[in-house]
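Structure, as structure tokens:
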Ligand SMILES: [Zn+2]
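Residue numbers (my numbering): 5 to 160.
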């Protein structure tokens with residue numbers, strides 16, 4: 005597996021940087037004038053909407069739906085989702101390996117520093133995770149990563 009954790013955080017950073025560089029909202033505002041039959045008025049996007057200046061609408065069939073979509077994806081909204089995903093990822097990767105009172109049965113991958121204990125079998129200690137934690141973390145990271153465009157072909 006490519007480093008899914010790092011990849012996903014990189015994707016979030018890209019979106020945060022783009023959102024921070026974008027014009028602050030409101031992104032879409034309707035003007036009063038009738039511009040094209042069937043339309044309610046001018047569509048103002050980005051700087052034009054923020055400044056209250058009119059601009060020519062882009063011809064689109066689903067202009068109302070498109071503007072609603074743009075409004076729901078303004079920079080503040082994107083930043084909120086990025087922050088929520090960072091929290092979720094932090095929570096997911098914070099899961100510890102399973103420790104058992106009889107350390108013989110503690111996960112092989114557990115470490116004193118990270119998990120607060122380790123396996124006492126010299127042959128297993130430091131081995132691959134055998135408590136399921138790593139598989140759970142990877143599965144959950146993939147779910148978040150898919151929202152950022154990760155696919156199986158992105159792996160490797
Ligand atoms: Zn484990």
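Built from N, CA and C at the ideal position, the CB exists for glycine as well.
Practice task
Tell me whether residue 94 sits in a helix, a strand or coil according to DSSP, three-state version.
Solution key: helix
Exercise for the section: Note down the Cα distance separating residue 133 from residue 76, rounded to an integer number of angstroms. Expected result: If you take the alpha carbons of residue 133 and residue 76, they lie about 41 Å apart.
Problem - Own chain residues within Cβ distance below 8 Å of residue 145, not counting five before or after - result: 8, 9, 12, 93, 96, 97
Exercise for the section: Between the Cα of residue 83 and those of 157, 147, 25, spot the shortest distance and give me the residue it belongs to. Expected result: 25
Practice task
Rounded to whole angstroms, what's the CA-CA distance from residue 148 to residue 27? Just pull it up for me.
Solution key: 26 Å
Exercise for the section: Return yes when at least one heavy atom of ligand 1 lies under 8 Å from the C-beta of residue 138, else no. Expected result: Checking the 8 Å criterion, the Cβ of residue 138 is within range of a heavy atom belonging to ligand 1.
Practice task
Please state whether DSSP places residue 104 in a helix, a strand or coil.
Solution key: coil
Problem - Buried versus exposed, by CB contacts within 10 Å (16 or more), residue 113 - result: buried
Exercise for the section: Look up residue 117 in the DSSP assignment and say whether it is helix, strand or coil. Expected result: helix
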